[in-house]
Each structure stands twice: as C-alpha cells, then as structure tokens.
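Step one of this worksheet: look at the structure below.
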Amino acid sequence: MRAVVTVIGKDTVGILHKVSGICAEFNVNVIEVTQSVLQDMFAMIMLVDISAINSDFSELVDRMTALGNELGLSIHTMHEDIFNSMHSI
Amino acid sequence: MLNVYNILETIRMIQDECLDIRTITMGISLLDCIDTDIDKACEKVYAKIVKKAGNLVAVGQQIEKEYGIPIVNKRISVTPIAMLAAACPDGDVVKFAKALQRAADTCGVNFIGGYSALVHKGFSAGDMALIKSIPEALDVTNNICSSVNIGSTKSGINMDAVKIMGQIVKESAERTADRDCIGPAKLVVFCNAVEDNPFMAGAFHGPGEPDCEIHVGVSGPGVVRAALTKYPDASINELADIIKKTAFKITRMGQLVGARASELLGVPFGIVDLSLAPTPAIGDSVAHIIEEMGLEMCGTHGTTACLAMLNDAVKKGGVMASSTVGGLSGAFIPVSEDAGMIDAAVAGVLSLEKLEAMTAVCSVGLDMIVVPGDIAPETISAIIADEAAIGMVNSKTTAVRLIPAIGRKEGETLEFGGLLGSGPVMPIRDKSAAKFINRGGRIPAPMQSLKN
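Going down the list, the protein sequences come from chains H and B. Here the first sequence stands for residues 1 to 89, where the numbers follow the working numbering. Here the second sequence stands for residues 1001 to 1452, where the numbers follow the working numbering.
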C-alpha cells in the first residue's frame, strides 16, 4: 500500500526534513521523491509505503495537513489508488 | 505508473475545480418492515435504517480522508413508503415520515429519499393516502424527500395523478411559505423514474433492488469547464472527446469510492451515477460549460444542441469507467442550484420553454424552477403533463420540481441557501389548462412502448 504526499507552496528551509520526519515517526518508508523549485515556488511529490504504518492513515493525513498550515504550504496526503484509477485503464 | 502531471492534475481538479463525490447513497429495502400496525411498522423502519446505515457517515468520512476527495453528501434511499402504507390503511401515513426523520437524525445523513409512490398506471392501496400526506410530511420534517412517478413509456401518463400532484405541489408550498416555500423543493414528480437513483430529491429504492446496496453519484461541472477552457479553438467533435476523457476520470473516482464504501460497509455495490450535478458555488455550473462551448449566455439559441452533445459525451466517457452505470447519468439543469442558470434566468434569456426543450436532451427535467405564487394548481399539473409527455415519448426520465413562491411575483427571488441556492420567479403563460387537466383519465402508452 502506497500513498502520495504532495507539497506545494513558498520555499523555506527544512520542508523536506519536516515532511520526512513525520513519515519516520509513523514508520512510513519514503520510496521516491521528486522536487523542483521554480523561482521561489516549491513543489514536491513524495511516494511513500504505508503498509507498515504504526497508526491510522487518517492520523498521518491530519499531521501532514497541520504541518502544511503551520508552514503556509498546501500538503495533500492521498492513497495512490485515486491516481491509478483516474489516470490508467 | 504514477506520474507527476497526473498527480498534479488530480489535485488541481479537487482544489480549484470543485471536483467532488456528490453523494454516497445507501439504498435500503423496507419491504420486511411492513406491518398492519403502523406504529410497529415505523419502529421496524427506524431500526432497520439505523442498523444498516449507522456507520454510513463515518465510513464516508474515512474514505474522504483516505483519498483526499470530498464526499459532499451521505444519503439514504428507501422503498417507496406507499408500499408500507398499503398494509395499514387506518394509520396516519405521516408517522412514517417522522420515523424516517428520526432515522436521518440518528445516522447523521443529509437526506432520506423514498417518501414516494409509483402510480404511473393507477393507484393501489396506500398510494393515495401517501400522496395526500406529502405536504404535511414535507412540512414537519427537514431531511425527508418525496417523489411520485406519474407516467412511463410502458404505461402512459396517469392524468388523475397529474391533476392531484398540481394541488400537492401548491399545497406543499403554502404550508412552508414561512420557510421560503422549501416544501416543494423536496418533492419530485417523475415520468420513467429510475429505481437506483442516488440523487435527491428523487431517490428511492425500487422494489426490484436488493435488500441493501451502495450507490455513488459523481459530479464535476467545474472540471469539464476547465478542460474545455484549454481548447478555445477546438471543433465540436474535439470538444466531445475532451468531455469524454474528463468524464472518464471523474467516473473512475466514483467507481473507486463506491467499491471502497461497499467493502467497508459490507454491502453490495450498486451503481455509479455519472452525472454533472451543479451547485451554486462559483465554478460548479453546467450553464458555464454550455457558455464555454461558445454561447454568450445559457438559454440562447443553440443551448439545446450544446446540452445534447454534453449529455451524450458525459455518458460515453463515463460508461467505460465503471463496472455498473445507472441512475440518471447525464447533465442536470436545476435552475436555482446553478450560478450560470440563475444569471441567465434573471437576465430573461433562459425561459421555461427553453428549459422544457433542454429537458428533452438532458438527464432529468424541469428542476428547481421558481414560479409565481399565485399559479393555479391546474397550471402546475399542465406543466407536469408536458414534461411527462417528453419523457414518455423519448423513453427517458423526466421530472418536475417546481416551487410556487407564495406571496411573490415575477422578478422577485426565493432564497433557499446551501446546495439548493436561490431562484428568480420565472414567468408562466396566463391562459388556463384547467379543462384539460380536469378531464382525468390516462394518456395511453405510446407506440414506443410496443417493443416486444
């Protein structure tokens, strides 16, 4: 089971550190990260493995959303199935 | 395989283009709650709904979190209550409405639909009592929706029922005049009603459906419009292709959510209704899609053609994306619930006659249309008859949801708020149809019914 974490917003110090910190706390393994900084806009997409998560997935979602609010970023944490089903037959 | 573009597209659709799952609706059969003692029947109805749907809202919220997609409504549809009322002819039918309301409160759902009767060929026991109780039932409850099927392609149109429904719609408005005439906003008069529709106010759980199942209604007019905006110079068939692709993606999401809800609730998956259902929110309008195709304003000449193409392309795109498509599946045109329609009606560009023509090619009918409060019941009946005739002859579902704005005239506005929006009072013809309506009887089934 995998999920996708997307982070979009103004670049600041330590975004990747904080997001992956939460992942580690939930025992969620980061599989892949792509990120780009265009001018000062930061966009990161992180594919994570949630099969060994040590808590509810919804708690991870809440934590990530809260971090987003704290940093003024938009952070979405969504199960990968939604992307797979919408974009492939 | 996941790619960055697709991920960002999905997030943009949800964040900026109002993409959502409009409803997950649990259909529950109440046939096993029939009892000759109405109080016992009501208890059984309450107990069964709470048992089956007690978890529905929590599961809906869990899925919202899991996939990051809003599920706007969690609803329940039940067996037409007239079938239960048939067994207890001496009881006060409104008790069923109150029992349903109690169940809605306990389960926390937005609406329960199914305070309904199917009378397309005639009235059986319970039907008339239920129909007559509709104004009171909609008055004393908040979250109960009612519908009556008065015609079908197979059986023609029951003109006696059409006559009564004109009176019921008017009476329902009068009883709720102090609440912006909200009563008839929860009442739909159908021709060719479908048994697995997840959308309100017309949802009921048909007698041919299983004991319990989950339906999903998707939405997404904003997504379709945004997709069209990117191709300002495309030809019409190119536009149709873009709509198909977009509808496919939207429907896949509905299929995913429905399958997951079915798994979590342990209830079979019914259908995905792939409808474009507008809301009054900015960027969630079907009228704006039509305008994006090249019309200055929805309702002008060309609207019916645009809507026909849109409705067809939505079906074609969606049908492959789901294992079972059903319900109404197409584009909805509820006037008060669509920002673009409201503007067009206020500007006088969108008339009742144009809306009637549009209903011949869209998925439902004259929906959420505010008419003057002094409208004669026979005139409402005549509008219902016109609309039912379109449905009957074209083998499609048509519906009428008119709101007589008691105490208001043409040019004034009725405000419902929320998803129901607001609607300007639209002009109607002032010549009477009373003699025609008072004849009673039945319009025989058309040639189209003889398919065997």
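Note that CB positions come from ideal geometry on N, CA and C, so glycine has one too.
- Task: Determine the direct distance from the alpha carbon of Asn29 of chain H to that of Ala52 of chain H, and round the result to whole angstroms.
- Result: Within the first sequence, the letter at position 52 stands for residue 52 of chain H. Within the first sequence, the letter at position 29 stands for residue 29 of chain H. In a straight line, the C-alpha of Ala52 of chain H is about 8 Å away from that of Asn29 of chain H.
- Gly1027 of chain B - partner residues in DSSP beta bridges: The residue given as residue 1027 of chain B occupies position 27 in the second sequence. For Gly1027 of chain B, which the question treats as bridged, DSSP gives the partners B:Ser1077, B:Glu1213.
- Query: Quick one: does Lys1316 of chain B have its CB under 9 Å from some CB of chain H?
  - Reply: Here the question's residue 1316 of chain B lines up with position 316 in the second sequence. Judged by the 9 Å Cβ criterion, Lys1316 of chain B is not in contact with chain H.
- Contacts that Leu47 of chain H makes with chain B (C-beta to C-beta distance below 8 Å): As a working mapping, residue 47 of chain H is identified with position 47 in the first sequence. Result: Leu1002.
- Message: 9 Å is my cut-off, CB to CB: does Met1165 of chain B come that close to chain H?
- Response: Residue numbering aside, residue 1165 of chain B sits at position 165 when the second sequence is read from its first letter. Chain H, which has no Cβ nearer than 9 Å to the Cβ of Met1165 of chain B, makes this no.
- Contact with chain B by Ile8 of chain H, beta-carbon distance below 9 Å: Mapped onto the first sequence, residue 8 of chain H falls at position 8. It does; some Cβ of chain B falls within 9 Å.
- Item | Option in B:Lys1132, B:Thr1141, B:Ala1082, B:Met1159 with minimal Cα separation from Ala1445 of chain B | Position 445 of the second sequence, counted from the start, is the residue given in the question as residue 1445 of chain B. Nearest C-alpha to Ala1445 of chain B: B:Met1159.
- Message: So, does the stretch 1015–1033 of chain B touch the stretch 1260–1271 of chain B, judging by three or more C-beta pairs under 8 Å?
- Response: yes
- Query: In chain H, which residues lie less than 8 Å from Gln1255 of chain B when you measure between Cβ atoms?
  - Reply: In the second sequence, residue 1255 of chain B corresponds to position 255, counting from 1. Within chain H, the residues near Gln1255 of chain B are Ser85.
- Task: Flag Leu1008 of chain B as yes if its beta-carbon sits less than 9 Å from any beta-carbon of chain H, otherwise no.
- Result: Here residue 1008 of chain B refers to the residue found at position 8 of the second sequence. Chain H contact via Cβ: present.
- Which whole-angstrom value is the C-beta distance of Val1223 of chain B and Leu1019 of chain B, which I expect to be below 8 Å? As a first step, residue 1223 of chain B is located in the second sequence; it is residue number 223 there, counting from the start. As a first step, residue 1019 of chain B is located in the second sequence; it is residue number 19 there, counting from the start. With 8 Å as the limit, Val1223 of chain B and Leu1019 of chain B qualify as a contact, their Cβ atoms being about 5 Å apart.
- Query: In whole angstroms, what separates the C-alpha of Thr1246 of chain B from that of Arg1252 of chain B?
  - Reply: Here the question's residue 1246 of chain B lines up with position 246 in the second sequence. Here the question's residue 1252 of chain B lines up with position 252 in the second sequence. Distance between the alpha carbons of Thr1246 of chain B and Arg1252 of chain B: 10 Å.
- Query: In chain B, which residues lie less than 8 Å from Ser58 of chain H when you measure between Cβ atoms?
  - Reply: Along the first sequence, one-based indexing puts residue 58 of chain H at 58. By Cβ distance, chain B contributes Gln1062, Lys1065, Glu1066.
- Query: Closest to Glu1337 of chain B by CA distance: which of B:Ala1259, B:Val1072, B:Ser1285 is it?
  - Reply: In the second sequence, counting from the first residue as 1, residue 1337 of chain B sits at position 337. Checked all of B:Ala1259, B:Val1072, B:Ser1285; the closest Cα to Glu1337 of chain B is B:Ser1285.
- Message: Please classify Tyr1115 of chain B as buried or exposed, where buried requires at least 16 other C-beta atoms within 10 Å of its C-beta.
- Response: Taking the second sequence and counting its residues from 1, one reaches residue 1115 of chain B at position 115. Classification for Tyr1115 of chain B: buried.
- Message: I want to see whether chain B comes within less than 9 Å of Glu80 of chain H, judged by CB atoms only; does it?
- Response: For this step, residue 80 of chain H is matched to residue 80 along the first sequence. So yes, Glu80 of chain H belongs to the interface.
- Task: Use the C-beta contact count for Gly72 of chain H: other C-beta atoms within 10 angstroms, 16 or more gives buried, fewer gives exposed.
- Result: Here residue 72 of chain H refers to the residue found at position 72 when the first sequence is read from its first residue. Gly72 of chain H is exposed by the Cβ-count criterion.
- Kindly list, in the order they appear in chain B, the residues whose Cβ is closer than 8 Å to that of Val4 of chain H. The sequence position of residue 4 of chain H within the first sequence is 4, counting from 1. Per Cβ cutoff of 8 Å: Leu1002, Ile1007.
- List the residues of chain B that His76 of chain H touches, going by C-beta distances under 7 Å, in chain order. Numbered from 1 along the first sequence, position 76 holds the residue referred to as residue 76 of chain H. Per Cβ cutoff of 7 Å: Ile1011, Gly1068.
- Message: So Lys1354 of chain B contacts chain H; which residues on that side make the cut at Cβ distance below 9 Å?
- Response: Taking the second sequence and counting its residues from 1, one reaches residue 1354 of chain B at position 354. Chain H residues near Lys1354 of chain B: none, gap ~35 Å exceeds 9 Å.
- Determine the extent of the beta strand (DSSP E) in which Tyr1231 of chain B is found, giving its start and end residues. For the purposes of this step, residue 1231 of chain B is taken as the residue at position 231 of the second sequence. It is not in any beta strand (DSSP E) - Tyr1231 of chain B carries neither H nor E in the DSSP assignment.
- Interface residues of the stretch 29–54 of chain H facing chain B [CB-CB below 7 Å]: Thr34, Ile45, Leu47
- Message: Which runs of the beta strand (DSSP E) at least 3 residues long sit entirely within the stretch 1323–1396 of chain B? Give them in chain order.
- Response: 1366–1372
- Can you tell which of B:Ala1240, B:Asp1430, B:Leu1138 has the C-alpha that lies nearest to the C-alpha of Gly1317 of chain B? If you number the second sequence from 1, residue 1317 of chain B lands on position 317. Per the Cα distances, B:Ala1240.
- Message: In whole angstroms, give me the CA-to-CA distance for Ile1071 of chain B and Glu1171 of chain B.
- Response: Residue mapping note: residue 1071 of chain B aligns to position 71 of the second sequence, counting from 1. Residue mapping note: residue 1171 of chain B aligns to position 171 of the second sequence, counting from 1. Rounded to the nearest angstrom, the two C-alpha atoms are 34 Å apart.
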